[in-house]
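Number of protein chains: 2
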Amino acid sequence: VTDSKTIGIGLLGLGGVGSGVARVLTEKGEQLTATAGAKLVLRRVLVRDLTKERDFPLPANLLTTDLDDVLADPSIDILVEVLGGQTPANEYILRAVSAGKHVVTANKDVMARYGPAILEAAAEQGVQVLYEASVGGGTPIIGPLQRDLAANEIIAVNGIVNGTTNYILTRMAHDGVDFAEALKEAQDLGYAEPDPTNDVEGIDAAYKLAVLASLAFQAPIVDTDVYHEGITSLTARDFLYGRELGYTIKLMAMARRDDHGIEARVHPVLIPVDTMIAKVDGVLNAVEVETDLAGKVLFHGQGAGAMPTTSAILADVITITKGQMERPGTTAVAPTTGETSVKPMADVETKYYIRMNIAERPGVLAQITRVFGDLQISIASVIQKEIDFKALRAEIVIVTNRARESSIQNALQDLAALEVVLEIGTMIRVED
Amino acid sequence: VTDSKTIGIGLLGLGGVGSGVARVLTEKGEQLTATAGAKLVLRRVLVRDLTKERDFPLPANLLTTDLDDVLADPSIDILVEVLGGQTPANEYILRAVSAGKHVVTANKDVMARYGPAILEAAAEQGVQVLYEASVGGGTPIIGPLQRDLAANEIIAVNGIVNGTTNYILTRMAHDGVDFAEALKEAQDLGYAEPDPTNDVEGIDAAYKLAVLASLAFQAPIVDTDVYHEGITSLTARDFLYGRELGYTIKLMAMARRDDHGIEARVHPVLIPVDTMIAKVDGVLNAVEVETDLAGKVLFHGQGAGAMPTTSAILADVITITKGQMERPGTTAVAPTTGETSVKPMADVETKYYIRMNIAERPGVLAQITRVFGDLQISIASVIQKEIDFKALRAEIVIVTNRARESSIQNALQDLAALEVVLEIGTMIRVED
Numbered sequence: 011v012t013d014s015k016t017i018g019i020g021l022l023g024l025g026g027v028g029s030g031v032a033r034v035l036t037e038k039g040e041q042l043t044a045t046a047g048a049k050l051v052l053r054r055v056l057v058r059d060l061t062k063e064r065d066f067p068l069p070a071n072l073l074t075t076d077l078d079d080v081l082a083d084p085s086i087d088i089l090v091e092v093l094g095g096q097t098p099a100n101e102y103i104l105r106a107v108s109a110g111k112h113v114v115t116a117n118k119d120v121m122a123r124y125g126p127a128i129l130e131a132a133a134e135q136g137v138q139v140l141y142e143a144s145v146g147g148g149t150p151i152i153g154p155l156q157r158d159l160a161a162n163e164i165i166a167v168n169g170i171v172n173g174t175t176n177y178i179l180t181r182m183a184h185d186g187v188d189f190a191e192a193l194k195e196a197q198d199l200g201y202a203e204p205d206p207t208n209d210v211e212g213i214d215a216a217y218k219l220a221v222l223a224s225l226a227f228q229a230p231i232v233d234t235d236v237y238h239e240g241i242t243s244l245t246a247r248d249f250l251y252g253r254e255l256g257y258t259i260k261l262m263a264m265a266r267r268d269d270h271g272i273e274a275r276v277h278p279v280l281i282p283v284d285t286m287i288a289k290v291d292g293v294l295n296a297v298e299v300e301t302d303l304a305g306k307v308l309f310h311g312q313g314a315g316a317m318p319t320t321s322a323i324l325a326d327v328i329t330i331t332k333g334q335m336e337r338p339g340t341t342a343v344a345p346t347t348g349e350t351s352v353k354p355m356a357d358v359e360t361k362y363y364i365r366m367n368i369a370e371r372p373g374v375l376a377q378i379t380r381v382f383g384d385l386q387i388s389i390a391s392v393i394q395k396e397i398d399f400k401a402l403r404a405e406i407v408i409v410t411n412r413a414r415e416s417s418i419q420n421a422l423q424d425l426a427a428l429e430v431v432l433e434i435g436t437m438i439r440v441e442d
Numbered sequence: 011v012t013d014s015k016t017i018g019i020g021l022l023g024l025g026g027v028g029s030g031v032a033r034v035l036t037e038k039g040e041q042l043t044a045t046a047g048a049k050l051v052l053r054r055v056l057v058r059d060l061t062k063e064r065d066f067p068l069p070a071n072l073l074t075t076d077l078d079d080v081l082a083d084p085s086i087d088i089l090v091e092v093l094g095g096q097t098p099a100n101e102y103i104l105r106a107v108s109a110g111k112h113v114v115t116a117n118k119d120v121m122a123r124y125g126p127a128i129l130e131a132a133a134e135q136g137v138q139v140l141y142e143a144s145v146g147g148g149t150p151i152i153g154p155l156q157r158d159l160a161a162n163e164i165i166a167v168n169g170i171v172n173g174t175t176n177y178i179l180t181r182m183a184h185d186g187v188d189f190a191e192a193l194k195e196a197q198d199l200g201y202a203e204p205d206p207t208n209d210v211e212g213i214d215a216a217y218k219l220a221v222l223a224s225l226a227f228q229a230p231i232v233d234t235d236v237y238h239e240g241i242t243s244l245t246a247r248d249f250l251y252g253r254e255l256g257y258t259i260k261l262m263a264m265a266r267r268d269d270h271g272i273e274a275r276v277h278p279v280l281i282p283v284d285t286m287i288a289k290v291d292g293v294l295n296a297v298e299v300e301t302d303l304a305g306k307v308l309f310h311g312q313g314a315g316a317m318p319t320t321s322a323i324l325a326d327v328i329t330i331t332k333g334q335m336e337r338p339g340t341t342a343v344a345p346t347t348g349e350t351s352v353k354p355m356a357d358v359e360t361k362y363y364i365r366m367n368i369a370e371r372p373g374v375l376a377q378i379t380r381v382f383g384d385l386q387i388s389i390a391s392v393i394q395k396e397i398d399f400k401a402l403r404a405e406i407v408i409v410t411n412r413a414r415e416s417s418i419q420n421a422l423q424d425l426a427a428l429e430v431v432l433e434i435g436t437m438i439r440v441e442d
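Here the protein sequences come in this chain order: A and B.
Each residue of the first sequence is one higher than the one before, starting from 11 at the first, in this note's numbering.
Each residue of the second sequence is one higher than the one before, starting from 11 at the first, in this note's numbering.
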């Protein structure tokens, strides 16, 4: 359809990332041509508003508000989708695939929900849908899972994949500020949205984990399969007590496959301070992949931003241009013989940190530890943190050995029903 | 030549890594077939001794001592070279390329010296030579540079690429042991060879840096272009003083390109303790790539070992099998318009830590600091560490601001000539 030495690109969306892609295609054209082995030419850009002022102005004839203009253009080989959000991006991607276009997307929301269906449609159509930019911004993780670690069985994928919450947790850990203050700061710096729900409730991280887990385990895992819990209930106290125990707190996205099935969960975790993941600070992201041959491999870098995301998008564009992926779309949809459904959270086993306020009088600890004993939960340590002798209250932290989530939930219910338990503060899972 | 659904593999060498490759090809055959889209079959193995007992025994008819048996076998598509050492591996690889075989090699010694010539020969022959396993063991770094970061200009590649020295330095830093003791331990654990020269003098790291820098800067940089300096003169004292200043000591391999040319050097470096690279401990490796679009990206994992290296080798085998690399061999030989020769070490600029013993009497510091001043070297701090009043000696540490290596070398000569300088202990470059 097009000259073999030119690859036509259609861009869906011209926000921060879209402008970045347009800018780099224009300003680094020569270098990209040398690398890709073909000239990459921006042919059409879908926008909502033709008259809006842009950071990187483009000739007016490139812009259109009609998707059909882009789909019908035979000189366009690859569509780059940077609209964000599940709708209408999902539908646009499927229409592009039906029109025989390759697609490069940065859209985690779409890939987390519709990825398996989109990749199946792409395989049928013989086109490629690549999505490196959907997780980890400029940090390569999808490509390494598809290619560099291809000989490995993936055992686990664990990471910090949301920069906003990692910024907040870093401030809370290093500077003792509380959640509300750190969030406000993140909003002022533009790291957090005015409505921060998607970030602070772990929803964004759950999207990304669904994408990673699908690929790692070759199973159709979608966002609704991923348990998620946010960081809004963490207090400065938990960081303090955690540090005393040798831990810091991170919002971790964790997927693991073993003989008992697949786990996929996002929640705050106490992790040992001396691990590499614990040192990932500020808005940076890191993903650790655990494999059978290569051991653990960590990828660390910028998790967002126009230029890092553009780097990932253009890597995919170059990959398609070089025809590097011979079997389009098959990755992440190939059925496996193993387990492909995700375990309910109730079946997960880990360790637990529980902070609570109790009445300070003889026999109270015995009542509390009996709750754990009755549920076969073994306690690793009980630490009395503060005593208010006047109010006859004490704060204690209990750390358990490995236990089932369902047992811990039962324990929390039973504890709350005890008269001597005044308040259950925080429950944080511990991974060490 | 071969059935389109089968790829024949010839193996050159059956030591630890060769046995690992043979084992995984055999035991994970089904998974590899599904991933690669073709059956990977081990056809012939070149060994020195047909009768030697092997960890992973192979049918006798697979083994041969004659390279021509392997090269002449039309059913062999890919040669995996794991002989190690520059000779005869270099010649074998070139003969394989001439015979029209693709080559996957783990051989840093060969790629560091003959990589540009081999890749040029491969491009002419239309075959591929891939070498992910030559740097960083199972940690992907070559693939990400070739593919995932392809849209970026690479500004710098800095890393810890020798596990043996990193183990020794980690022991010295954390446990205060001296070099000789840590080396002995590394030898006992099998991390260091009986003759540790290649590791402890930075030669192995220089090989790997030549490979990385060639690829990153698309310039034919070979091992002899890389300045290298080992870790044998570091003392427990330097770690102690370094820590007081907020640094740890690592053997860093560093390549950088700027408007003034390319730097490529391997030597001990004081780096801030709170950086990710500073936390890379034991035999692990890490490489940080600094780019124009994606910012800094860090790759961290196992730097050696039979199974991690096998992971990297088989990733390359799968890449060739899937026909993912359309322009064979061009990477790392394509000439660039920019500077491709490496700066002499004398022209490098960085900061310096100098530890020395001086006479303890009035006016001595003035004499010493005048040496620096005369050479236009600005001093960031002078710290008196220990005074031996009886012997009238003191130990001082001077940290400079950025200065040229040649000026520092002149300063060290001038200092040594001063009567009041009793001994120059250590000079360590500082990167922060």
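The beta carbon of each residue, even a glycine, is placed where N, CA and C say it ideally should be.
As the structure is a prediction and not an experimental result, all values here were calculated from the model.
Chain-ordered chain C contacts of residue i [CB-CB under 9 Å]
i: Glu163/A; result: The displayed structure is made up of protein chains A and B, and chain C is not among them.
Simplified DSSP state of residue i, which is helix, strand or coil
i: Phe399/B; result: coil
i: Leu244/B; result: coil
i: Asn117/A; result: coil
i: Val232/B; result: coil
i: Gln386/A; result: coil
i: Gln394/B; result: strand
i: Arg54/A; result: strand
i: His462/A; result: There is no way to answer for residue 462/A, as the model of chain A reaches only from 11 to 442.
i: Ile272/A; result: strand
i: Met355/A; result: helix
Status (buried if at least 16 other CB within 10 Å, exposed otherwise) for residue i
i: Asp59/A; result: exposed
i: Ala99/B; result: buried
i: Leu219/A; result: buried
i: Gln423/B; result: exposed
i: Ala265/B; result: buried
i: Glu91/B; result: buried
i: Arg380/A; result: exposed
i: Glu336/A; result: Low confidence applies to Glu336/A: its pLDDT is 45, below 50, so where it sits in the model is not reliable enough to give any reading.
i: Phe399/A; result: exposed
i: Asp269/B; result: exposed
i: Ser224/B; result: buried
i: Gly95/A; result: exposed
i: Leu402/A; result: exposed
Rounded C-alpha distance that separates residue i from residue j
i: Thr258/A; j: Ile86/B; result: 52 Å
i: Leu104/B; j: Thr97/B; result: 12 Å
i: Ala356/B; j: Lys260/B; result: 21 Å
i: Gly271/B; j: Val358/B; result: 10 Å
i: Leu52/A; j: Asp65/B; result: 56 Å
i: Ala390/B; j: Ile397/B; result: 21 Å
i: Ala304/B; j: Gly383/A; result: 51 Å
i: Leu385/A; j: Leu308/A; result: 37 Å
Supposed contact pair residue j and residue i - C-beta distance, whole angstroms, cut 8 Å
i: His112/B; j: Val80/B; result: Not confirmed; about 13 Å, so no contact.
i: Gln135/A; j: Val167/A; result: Their Cβ separation, rounded to whole angstroms, is 28 Å, which puts Gln135/A and Val167/A out of contact at 8 Å.
i: Ile151/A; j: Ile287/A; result: The Cβ separation is near 14 Å, so there is no contact.
i: Pro24/A; j: Val55/A; result: It is worth fixing the name first, because residue 24/A is Leu in this sequence and not Pro. The pair is a contact, with the Cβ atoms about 5 Å apart (cut-off 8 Å).
Touch test, the stretch 143-158 of chain A against the stretch 309-321 of chain A, Cβ-Cβ under 8 Å, three pairs minimum: yes
Cβ contact (3+ pairs, closer than 8 Å) linking the stretch 285-293 of chain A and the stretch 177-184 of chain A: With the cut-off at 8 Å, the stretch 285-293 of chain A and the stretch 177-184 of chain A touch.
Meets three-Cβ-pair contact criterion under 8 Å: the stretch 319-336 of chain A and the stretch 21-39 of chain A: Contact holds: three or more Cβ-Cβ distances are below 8 Å.
Three CB pairs or more closer than 8 Å across the stretch 240-247 of chain A and the stretch 186-202 of chain A: Yes, the stretch 240-247 of chain A touches the stretch 186-202 of chain A.
Sufficient close CB pairs (3 or more, under 8 Å) joining the stretch 168-178 of chain A to the stretch 247-257 of chain A: no
Segment contact, 8 Å Cβ cut-off, at least three pairs: the stretch 70-80 of chain A with the stretch 37-51 of chain A: Below 8 Å, too few C-beta pairs join the stretch 70-80 of chain A and the stretch 37-51 of chain A to call them touching: fewer than three.
Three-pair Cβ contact test at 8 Å for the stretch 424-438 of chain A versus the stretch 365-372 of chain A: yes
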